[in-house]
Amino acid sequence: MSAKLIKGSSLTYMHRGGPPGDAGVARAVSTDLSATMGAGVAHFDACSISWTVLYDEVIYVIEGVFRLVTNEGVLEGEAGDIIWVPEGTELKYEGDHARIFYAVYPGNWKELHGMA
26 MSAKLIKGSS LTYMHRGGPP GDAGVARAVS TDLSATMGAG VAHFDACSIS
76 WTVLYDEVIY VIEGVFRLVT NEGVLEGEAG DIIWVPEGTE LKYEGDHARI
126 FYAVYPGNWK ELHGMA
């Protein structure tokens, strides 16, 4: 495997929430490129997406305001901020015109949890 450029224009967003609001996720690095990592971009606007993460995740806020609501409180990031999310965290992804980049480990979490 060699390095690869992934053009933003080639990404396809999958609807993940709304109405109300809108959320979409575009996976850029999936198991066809790496079994150990996953990565992509997402947008969240005026919506709330509940989930329990099955992987470790790092989120970089590109623009807007992104909120991660956990049992311990709310983490609110703006452009340039980074949020660490450990595996097993129960949360809600929220945002106001938020665009993020995310990276997850392991990248093959769906296979490991029988969801593939």
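The sequence shown begins at 26 in the working numbering and counts up by one. In this text, a Cβ means the ideal position worked out from N, Cα and C, and glycines have one as well.
Next on the checklist: If I measure Cβ to Cβ from W134 and keep anything under 7 Å in the same chain, skipping five residues before and after, which residues do I get?
Outcome noted: L79, Y80
Checklist entry - Straight-line CA distance for G120 to S34? => result In a straight line, the C-alpha of G120 is about 23 Å away from that of S34.
Next on the checklist: Tell me which residues share the same chain as H122 and place their Cβ nearer than 6 Å to its Cβ, disregarding the 5 neighbours each side in the sequence.
Outcome noted: D70, G89
Checklist entry - Which residues mark the beginning and the end of the alpha helix (DSSP H) in which L137 is found? => result 134-137
Checklist entry - Secondary structure at S73, three-state DSSP: helix, strand or coil? => result strand
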